[in-house]
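Structure, as structure tokens:
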Amino acid sequence: MTLEMYRTHKESRTTATHIYDNSRGSALLALARAGILPTKCFNIFLTASDNYCERCGVHPETLAHVIFKCNEFYHTNEDLAARLGLSKELNPALVNETKRLLEAWDRERRKGSAEKLAPEVKG
Ligand SMILES: [Zn+2]
Numbered sequence: 000m001t002l003e004m005y006r007t008h009k010e011s012r013t014t015a016t017h018i019y020d021n022s023r024g025s026a027l028l029a030l031a032r033a034g035i036l037p038t039k040c041f042n043i044f045l046t047a048s049d050n051y052c053e054r055c056g057v058h059p060e061t062l063a064h065v066i067f068k069c070n071e072f073y074h075t076n077e078d079l080a081a082r083l084g085l086s087k088e089l090n091p092a093l094v095n096e097t098k099r100l101l102e103a104w105d106r107e108r109r110k111g112s113a114e115k116l117a118p119e120v121k122g
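Using numbering that gives the first Met the number 0, the first residue of the sequence shown is number 0, and each one after it goes up by one.
Okay, structure coming up:
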């Protein structure tokens, strides 16, 4: 997510308030659109060796990496903008898909940190 992208998509960013509902996905989408989704790469306390994606373990966990589900590397800023509802032609189905994807990512993330904070007692 670059500043240039925000300038380019400023118009749709301010007018697309109707894409939000009361879901957790909408809250996460808002963070993603603002460029502040708390991915590991957003965490300044994690070093480059600690910020790998928990799903694939291969690539750093950036916003684009989360949105493109670990495996689509040849995307453009326009592709990312469309998924975030920042493109001129709004695709509500694609934006909804992004919300569900962010919800799934958030659930995995919370599950992972809960296990680390309170390991299950065995025996
Ligand atoms: Zn990954």
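Cβ atoms here follow ideal geometry from the backbone N, Cα and C, with glycine treated the same way. Since the model is a prediction, treat every value here as computed from it, not as a measurement.
Task: CA-to-CA distance, S48 to A92, given in whole angstroms - done: Position 93 of the sequence shown, counted from the start, is the residue given in the question as residue 92. Position 49 of the sequence shown, counted from the start, is the residue given in the question as residue 48. Approximately 35 Å between the Cα atoms of the pair.
Open item on the list: Spatial neighbours of L79 within its chain, please: C-beta separation below 7 Å, excluding the five flanking residues on both sides.
Closed with: Taking the first residue of the sequence shown as position 1, residue 79 is located at position 80. The answer, listed in chain order, is A63 and I66.
- [ ] Determine, using beta-carbon pairs with one atom in the region 84-101 and one in the region 28-35, whether at least three such pairs fall under 8 Å.
- [x] yes
TODO: Would you list the residues whose beta-carbon is nearer than 6 Å to any heavy atom of ligand 1, in the order they occur in the chain?
DONE: C52, R54, C55, H58, H64 and C69
Open item on the list: What does the alpha-carbon distance come out to for the pair A33 and A81?
Closed with: Residue mapping note: residue 33 aligns to position 34 of the sequence shown, counting from 1. Residue mapping note: residue 81 aligns to position 82 of the sequence shown, counting from 1. Approximately 14 Å between the Cα atoms of the pair.
TODO: Kindly identify the DSSP beta-bridge partner or partners of P59.
DONE: Working through the sequence shown from its first residue, we reach residue 59 at position 60. DSSP output for P59 lists Y51 as bridge partner(s).
Open item on the list: Using CA atoms only, rank isn't needed, just tell me which of I43, L89 and L100 is closest to I124.
Closed with: Coverage of the chain is limited to positions 0 through 122, which leaves residue 124 absent and any answer about it impossible.
- [ ] Can you grab the Cα-Cα spacing for the pair L83 / I43, in whole Å?
- [x] Against the sequence shown, residue 83 aligns to sequence position 84. Against the sequence shown, residue 43 aligns to sequence position 44. Cα to Cα, L83 sits roughly 24 Å from I43.
TODO: Assign K87 to one of two classes, buried (16 or more other C-beta atoms within 10 Å of its C-beta) or exposed (fewer than that).
DONE: As a first step, residue 87 must be located in the sequence shown, where it is residue number 88. Looking at its Cβ environment, which holds fewer than 16 other Cβ atoms inside 10 Å, K87 is exposed.
Task: Through-space distance from T61 to F41, alpha-carbon basis - done: The residue you call residue 41 lines up with position 42 of the sequence shown. The residue you call residue 61 lines up with position 62 of the sequence shown. Taking the straight line joining both Cα atoms gives about 7 Å.
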